[in-house]
Amino acid sequence: MELLLNDGSVPRSFAIGGELHGMDLSDHRMSLYVAGRGEDKIAAVALSTGDVTTAPLSSEPYHLTTIPGTCTFYVSSRAESKVWIIDEATLTPVGDFPIEGEGHEIVAVQ
Numbered sequence: 004m005e006l007l008l009n010d011g012s013v014p015r016s017f018a019i020g021g022e023l024h025g026m027d028l029s030d031h032r033m034s035l036y037v038a039g040r041g042e043d044k045i046a047a048v049a050l051s052t053g054d055v056t057t058a059p060l061s062s063e064p065y066h067l068t069t070i071p072g073t074c075t076f077y078v079s080s081r082a083e084s085k086v087w088i089i090d091e092a093t094l095t096p097v098g099d100f101p102i103e104g105e106g107h108e109i110v111a112v113q
């Protein structure tokens with residue numbers, strides 16, 4: 004949902020479905036990326052129109068963060084010890100890398 008901080012109203016909500024977890028904004032602040040753990044998918048919300056695009060990602064996409072200047076974002080898995088590298092334009096994995104344990108929070112530092 005979109006929440007207006009000045010008055011607490013909710014002008015619109017976005018149907019993504021499942022148990023949602025991590026989210027972050029694109030570099031240009033025009034898209035919101037969401038990890039949908041409950042239905043093994045990721046979603047991109049076009050904030051100007053409210054259109055939602057989803058793509059499968061298994062298993063259990065968890066936390067995510069955009070990587071500034073790369074047109075990609077990272078998504079951790081709740082079920083596997085890895086992080087996917089996702090192309091923002093296509094919502095498809097372009098790579099992944101192993102981690103120890105569970106990727107609970109992700110921060111990109113340049």
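The sequence shown begins at 4 in my numbering and counts up by one.
Heads up, the beta-carbon is just placed ideally off N, CA and C, and yes, glycines get one too.
All figures in this text were calculated on a predicted structure; none of them were measured in a lab.
G106 carries a coil assignment under DSSP once its states are collapsed to helix, strand and coil. Per DSSP, G11 is not a residue of any beta strand (DSSP E), being assigned neither H nor E. Three or more Cβ pairs closer than 8 Å define a contact, and the segment 38-52 meets that threshold against the segment 62-70.
In the structure shown, G20 falls within a coil segment according to DSSP collapsed to helix, strand and coil.
Within the segment 32-79, the complete beta strand (DSSP E) segments at least 3 residues long are 34-39, 44-49, 55-59, 64-70, listed from N- to C-terminus.
Looking at T56, A46, T75, S79, the one whose alpha-carbon comes closest to that of E105 is S79.
Annotation: the continuous beta strand (DSSP E) that includes V97 extends over 96-101. In this chain, the beta strand (DSSP E) harbouring D90 covers 85-90. The shortest CA-to-CA distance from F76 to any of G53, S84, I88 is the one to I88.
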